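Below is one structure, written out as structure tokens; comments come after it.
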């Protein structure tokens, strides 16, 4: 299991396992699943970043026996950061994490040119 120690390592890993030609043209989202030592258990491509994706995220966490996870989304327009829906969704994730005992360790938005990480930028959710 690879050890993911930073947002940069996470983005490099995801870029190596996805089709790089499509990240600038269509919105995609992934959840990276980790154990308590930040060893990667798996990567799941979410069907969509919509109101149902929280169910998909938590199903993935439960099935994989993960304790931590990171959400990644590409920015096809090149605008890195959170949109309004993602901001609201992250607030719901904080609540669910406190109930279930999981921990979202990062939210990463990336494009072919770069990335932005909620941990590195200290975003207030």
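In the numbering used here, the protein residues as written are -5 to 119.
Cβ coordinates follow ideal geometry from the N, Cα and C atoms, glycine included.
Note that this is a predicted model, so its numbers are computed, not measured.
Residue i (DSSP reduced to helix, strand or coil)
i, result
"residue 52", "helix"
"residue 57", "helix"
"residue 15", "helix"
Straight-line Cα distance separating residue j from residue i
i, j, result
"residue 69", "residue 20", "8 Å"
"residue 39", "residue 23", "6 Å"
"residue 50", "residue 41", "8 Å"
"residue 59", "residue 29", "8 Å"
"residue 15", "residue 100", "24 Å"
"residue 31", "residue 71", "34 Å"
"residue 9", "residue 107", "11 Å"
"residue 7", "residue 85", "26 Å"
"residue 61", "residue 111", "20 Å"
CB contact flag (residue i, residue j, <8 Å)
i, j, result
"residue 176", "residue 80", "Any question about residue 176 goes unanswered here, given that the chain covers just -5 to 119."
"residue 27", "residue 54", "yes"
"residue 156", "residue 65", "This structure gives no information on residue 156, because the portion of the chain shown stretches from -5 to 119."
"residue 35", "residue -4", "no"
"residue 109", "residue 74", "yes"
"residue 48", "residue 83", "yes"
"residue 102", "residue 5", "yes"
Any non-hydrogen atom of the ligand FMN closer than 7 Å to residue i Cβ
i, result
"residue 38", "The ligand FMN is not part of this structure, which contains no ligands at all."
Range of the contiguous alpha helix (DSSP H) that encloses residue i
i, result
"residue 9", "1 to 11"
"residue 30", "Unbroken run through residue 30: none, as it is neither H nor E."
Range covered by the beta strand (DSSP E) that runs through residue i
i, result
"residue 111", "109 to 111"
"residue 22", "Premise fails: residue 22 is in no beta strand (DSSP E) and is neither H nor E."
"residue 116", "It is not in any beta strand (DSSP E) - residue 116 carries neither H nor E in the DSSP assignment."
"residue 65", "62 to 68"
"residue 38", "34 to 39"
Within-8 Å CB hit, residue i to chain D
i, result
"residue 112", "Among the protein chains of the structure shown there is no chain D, as only one such chain exists."
Residue ranges of each beta strand (DSSP E) within the stretch 70 to 106, 3 or longer: 97 to 104
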